[in-house]
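Engineer:
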Amino acid sequence: MENKIINLGIFGFGVVGQGLYEVLNRTKGINARIKKICIKDPNKSRPIDSSYFTTDKNEILEDPTIDVVVELINDTEAAFDIVSTALRNGKAVVSASKRMIAENLPALYELQSANKVPFLYEASSCASIPIIRNLEEYYDNDLLNAVEGICNGSTNYILTKIFEENLSFETALQQAQELGFAETDPTLDIEGYDPKFKLVILLLHAFGTFVKPEEVYNFGIHHLNDFDIQFAKQRNCTVKLIAQCRRQNGSVFAYVLPHLVKEHNLLYDVYNEYNGILLESAFTDKQFFVGKGAGGTATGSAVLSDISALLYNYRYEYKKIKQNNQPNFTNDVKLKVYLRYKTPDQVDLAEFFNISEKYESPEWRYVVGTINLQKLKDAGWLKKKDVNLLVLE
Ligand SMILES: NC(=O)C1=CN([C@@H]2O[C@H](COP(=O)(O)OP(=O)(O)OC[C@H]3O[C@@H](n4cnc5c(N)ncnc54)[C@H](OP(=O)(O)O)[C@@H]3O)[C@@H](O)[C@H]2O)C=CC1
Ligand SMILES: N[C@@H](CC=O)C(=O)O
Numbered sequence: 001m002e003n004k005i006i007n008l009g010i011f012g013f014g015v016v017g018q019g020l021y022e023v024l025n026r027t028k029g030i031n032a033r034i035k036k037i038c039i040k041d042p043n044k045s046r047p048i049d050s051s052y053f054t055t056d057k058n059e060i061l062e063d064p065t066i067d068v069v070v071e072l073i074n075d076t077e078a079a080f081d082i083v084s085t086a087l088r089n090g091k092a093v094v095s096a097s098k099r100m101i102a103e104n105l106p107a108l109y110e111l112q113s114a115n116k117v118p119f120l121y122e123a124s125s126c127a128s129i130p131i132i133r134n135l136e137e138y139y140d141n142d143l144l145n146a147v148e149g150i151c152n153g154s155t156n157y158i159l160t161k162i163f164e165e166n167l168s169f170e171t172a173l174q175q176a177q178e179l180g181f182a183e184t185d186p187t188l189d190i191e192g193y194d195p196k197f198k199l200v201i202l203l204l205h206a207f208g209t210f211v212k213p214e215e216v217y218n219f220g221i222h223h224l225n226d227f228d229i230q231f232a233k234q235r236n237c238t239v240k241l242i243a244q245c246r247r248q249n250g251s252v253f254a255y256v257l258p259h260l261v262k263e264h265n266l267l268y269d270v271y272n273e274y275n276g277i278l279l280e281s282a283f284t285d286k287q288f289f290v291g292k293g294a295g296g297t298a299t300g301s302a303v304l305s306d307i308s309a310l311l312y313n314y315r316y317e318y319k320k321i322k323q324n325n326q327p328n329f330t331n332d333v334k335l336k337v338y339l340r341y342k343t344p345d346q347v348d349l350a351e352f353f354n355i356s357e358k359y360e361s362p363e364w365r366y367v368v369g370t371i372n373l374q375k376l377k378d379a380g381w382l383k384k385k386d387v388n389l390l391v392l393e
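Take the sequence shown: its position 48, counted from the start at 1, is 48 in UniProt numbering, and no numbers get skipped.
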């Protein structure tokens, strides 16, 4: 695509679609122009000329003059249909839809190689942080040990408002929604599904291992209460929702869980909708990436960077898949946790290897102890509203 003006067909004109439009308009020297935008609701008022819009997906997918399809919609099934049709039609595709990508990674990988077209999705994981391209290009060897960090802007925004400004959970969530950070269904954010989708994508680019989202355990910040907040503050800690995948004895484990984070930890100072990713590798120790993880123009700029990369024929090579020494996925890892509950019948303490601390009051009880990740994943009792979990550093 070098030296030519590429025609874009965009799906979606919500937070990210409009962010891309603004970033594209304000970026000089990018050889790309929007030919058509496909949306869902023909009656919604739009801030730009109506001639841009269609509700017929084929006006983009079947248009031979459109080179690149940019998929930015909030419907997972429709997004997969659009992306796979576009790839089959020989069009390059850029997407931000982490859930659709995480749930269909093997199929999307096959479609790219079968049709010999690039599919780029930097905006899908940590929005403005160029983490996928770094994992692909810089860490293209097997020395990487871990990818760990804050991968969800909404929950980090909520936690920042709770810990720094004493706002209630509900008010902070409402603000995150109004600012365009949250998913259409915000339980995906607060229960840790959204960062899990991102982690599944990062895990493939870090280690070459395909993992289904349902294999990875996620527990969010939806059960956090004032007692937990005081527990953290009394220990000069904050709470962060951490996604991590890490090599261990030839395998790799992964999870999304709320952590108690001490002041010396680099992730402690990642605030609001910012995300932060720590990479650990054999000879470099830790490297830290930080940037806006949600929002229209921040995400739009990552989408634009992918469009721009297509101009010089960039594509993911998935080198770690081709290296053929991928670690197996495991949930067999011990975690030290704080478990808060109301009454003893709400939890099963027999699942713990050991308990080092026990607290009881008329209102709340907690234990600190060590438990296996697989036991947490299988534990029905963590679904009870009175039960909360924090991983201790
Ligand atoms: N918001 C953020 O900060 C980030 C979001 N993402 C991801 O980007 C994607 C878009 O998010 P966001 O912009 O926030 O979502 P919004 O809800 O703001 O916008 C969704 C857009 O998708 C359109 N749409 C839905 N279904 C269809 C369809 N079948 N065909 C055509 N258009 C359709 C809607 O049309 P209409 O306008 O007619 O309703 C709307 O314009 C999601 O996958 C999200 O997870 C990724 C990174 C950051
Ligand atoms: N809902 C997501 C949006 C970006 O991916 C988040 O809050 O991080």
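Quick reminder that beta carbons are idealized off the backbone N, C-alpha and C, glycines included.
Expressed to the nearest angstrom, what Euclidean distance is found between the alpha-carbon atoms of R246 and F329?
Structural biologist: In the sequence shown, counting from the first residue as 1, residue 246 sits at position 246. In the sequence shown, counting from the first residue as 1, residue 329 sits at position 329. Roughly 10 angstroms between the two C-alpha positions.
Engineer: How would you call E122, buried or exposed, if buried means at least 16 neighbouring beta carbons within 10 angstroms?
Structural biologist: For this step, residue 122 is matched to residue 122 along the sequence shown. Looking at its Cβ environment, which holds 16 or more other Cβ atoms inside 10 Å, E122 is buried.
Engineer: Using 10 angstroms around the beta-carbon of K91, count the other beta-carbons present and answer buried if the total reaches 16, otherwise exposed.
Structural biologist: Working through the sequence shown from its first residue, we reach residue 91 at position 91. By the 10 Å Cβ count, K91 comes out buried.
Engineer: Let me make sure I understand the geometry here. Which of N25, Q374, S305 and K35 has the alpha-carbon closest to that of E214?
Structural biologist: In the sequence shown, residue 214 corresponds to position 214, counting from 1. For the residues N25, Q374, S305 and K35, the minimum Cα distance to E214 belongs to Q374.
Engineer: Shorter than 7 angstroms, the distance from the beta carbon of I30 to the closest heavy atom of ligand 1, or not?
Structural biologist: For the purposes of this step, residue 30 is identified with residue 30 of the sequence shown, where counting begins at 1. I30: no, Cβ never under 7 angstroms from ligand 1.
Engineer: Mind checking which residues open and close the beta strand (DSSP E) that includes L257?
Structural biologist: One-based indexing of the sequence shown puts residue 257 at position 257. S251 to K262 is the span of the beta strand (DSSP E), which, as asked, contains L257.
Engineer: Any chance the segment 241-260 sits against the segment 147-161, with 3 or more Cβ pairs inside 8 angstroms?
Structural biologist: yes
Engineer: I want to check one thing, is the minimum distance from the CB of E62 to the heavy atoms of ligand 1 below 7 angstroms?
Structural biologist: By 1-based counting over the sequence shown, the position of residue 62 is 62. No, Cβ of E62 sits at least 7 angstroms from all heavy atoms of ligand 1.
Engineer: Which residues share a DSSP beta bridge with Y217?
Structural biologist: Position 217 of the sequence shown, counted from the first residue, corresponds to residue 217. Y217 is bridged to Y255.
Engineer: If distances are taken between C-alpha atoms only, which option among N313, K342 and D185 comes closest to L382?
Structural biologist: Taking the sequence shown and counting its residues from 1, the one referred to as residue 382 is at position 382. Ranked by how close their Cα comes to the Cα of L382, the residues N313, K342 and D185 have K342 in first place.
Engineer: Expressed to the nearest angstrom, what Euclidean distance is found between the alpha-carbon atoms of P106 and P362?
Structural biologist: The residue labelled residue 106 in the question sits at position 106 within the sequence shown. The residue labelled residue 362 in the question sits at position 362 within the sequence shown. Rounded to the nearest angstrom, the two C-alpha atoms are 51 angstroms apart.
Engineer: Assuming the contact rule is C-beta atoms closer than 8 angstroms, T370 and E22 should be a hit. Round their C-beta distance to whole Å, please.
Structural biologist: Position 370 of the sequence shown, counting from 1, holds the residue named residue 370. Position 22 of the sequence shown, counting from 1, holds the residue named residue 22. Between E22 and T370 the Cβ distance is about 49 angstroms, and since that is not below 8 angstroms, they are no contact.
Engineer: Measure from the alpha carbon of P195 to the alpha carbon of each residue in T171, S113 and I101, then state which is nearest.
Structural biologist: Position 195 of the sequence shown, counted from the start, is the residue given in the question as residue 195. P195 has its Cα closest to that of I101, out of T171, S113 and I101.
Engineer: According to DSSP, is N74 helix, strand or coil?
Structural biologist: The residue given as residue 74 occupies position 74 in the sequence shown. Of the three classes helix, strand and coil, the one that applies to N74 here is coil, per DSSP.
Engineer: Mind the definition here: the segment 217-234 touches the segment 248-256 only if three or more C-beta pairs lie below 8 angstroms; say whether that holds.
Structural biologist: yes
Engineer: Quick one: any contact between the segment 178-192 and the segment 314-330, if contact means 3 or more CB pairs under 8 angstroms?
Structural biologist: no
Engineer: Quick check on the burial criterion: 16 or more other C-beta atoms within 10 angstroms. Buried or exposed for G19?
Structural biologist: The residue labelled residue 19 in the question sits at position 19 within the sequence shown. Its Cβ being crowded by 16 or more others within 10 Å, G19 is buried.
Engineer: Would you say Q248 and V333 are within 8 angstroms of each other, going by their C-beta atoms?
Structural biologist: Start at 1 with the first residue of the sequence shown, and residue 248 comes out as number 248. Start at 1 with the first residue of the sequence shown, and residue 333 comes out as number 333. For Q248 and V333, yes; Cβs fall inside 8 angstroms.
Engineer: So, at 8 angstroms on beta carbons, what are the nonlocal neighbours of I158 in its own chain, with the 5 sequence-adjacent residues on each side left out?
Structural biologist: By 1-based counting over the sequence shown, the position of residue 158 is 158. Once the five neighbours on either side are set aside, the close Cβ partners of I158 are F169, A172, L173, A176, I190 and I221.
Engineer: Ignore the nearest five residues each way along the sequence and tell me which others in L188's own chain have a CB closer than 6 angstroms to its CB.
Structural biologist: Counting from 1 along the sequence shown, the entry for residue 188 is found at position 188. Cβ within range, chain order: D194.
Engineer: If you draw a straight line from the C-alpha of V69 to the C-alpha of K98, how long is it?
Structural biologist: Sequence index remark: in the sequence shown, residue 69 carries index 69 (1-based). Sequence index remark: in the sequence shown, residue 98 carries index 98 (1-based). For V69 and K98, the distance between alpha carbons rounds to 16 angstroms.
Engineer: For ligand 2, I want to know if D194 counts as a neighbour, meaning its beta carbon is within less than 7 angstroms of at least one of the ligand's heavy atoms.
Structural biologist: Against the sequence shown, residue 194 aligns to sequence position 194. Checking every heavy atom of ligand 2 against the Cβ of D194, one is found closer than 7 angstroms.
Engineer: Assign A282 to one of three DSSP states: helix, strand, or coil.
Structural biologist: For this step, residue 282 is matched to residue 282 along the sequence shown. Three-state DSSP puts A282 in coil, outside helix and strand.
Engineer: What residue does the alpha helix (DSSP H) around R26 start on, and which one ends it?
Structural biologist: Start at 1 with the first residue of the sequence shown, and residue 26 comes out as number 26. Membership of R26 in the alpha helix (DSSP H) is indicated by the continuous run V15 to R26.
Engineer: What distance in whole Å lies between the Cβ atoms of V347 and V391, which are believed to be in contact at a cut-off of 8 angstroms?
Structural biologist: Numbered from 1 along the sequence shown, position 391 holds the residue referred to as residue 391. Numbered from 1 along the sequence shown, position 347 holds the residue referred to as residue 347. V391 to V347, Cβ: 16 angstroms. No contact.
Engineer: Can you give me the Cβ contacts of V211 inside the same chain, cut-off strictly under 8 angstroms, excluding the 5 residues immediately before and after it?
Structural biologist: By 1-based counting over the sequence shown, the position of residue 211 is 211. Closer than 8 angstroms at the Cβ level, and outside the excluded window around V211, lie V200, L203, L204, A254 and F329.
Engineer: State the beta-bridge partners of F53 as determined by DSSP.
Structural biologist: The residue given as residue 53 occupies position 53 in the sequence shown. Note: F53 sits in a beta bridge opposite I37.
Engineer: Would you call the segment 44-55 in contact with the segment 74-81, where contact means no fewer than 3 C-beta pairs closer than 8 angstroms?
Structural biologist: no
Engineer: When the distance is taken between beta carbons, is G153 closer than 8 angstroms to G295?
Structural biologist: Within the sequence shown, residue 295 is the residue found at index 295, counting from 1. Within the sequence shown, residue 153 is the residue found at index 153, counting from 1. A contact, by the Cβ cut-off of 8 angstroms.
Engineer: To the nearest angstrom, report how far apart G192 and F11 are at their CA atoms.
Structural biologist: Position 192 of the sequence shown, counted from the first residue, corresponds to residue 192. Position 11 of the sequence shown, counted from the first residue, corresponds to residue 11. So the two alpha carbons sit approximately 26 angstroms from each other.
Engineer: Skipping 5 residues on each side, what residues in its chain have a beta carbon closer than 6 angstroms to that of N39?
Structural biologist: Sequence index remark: in the sequence shown, residue 39 carries index 39 (1-based). The sequence shown places Ile at residue 39, not Asn. So the list reads F13 and F53, once near-sequence residues are dropped.
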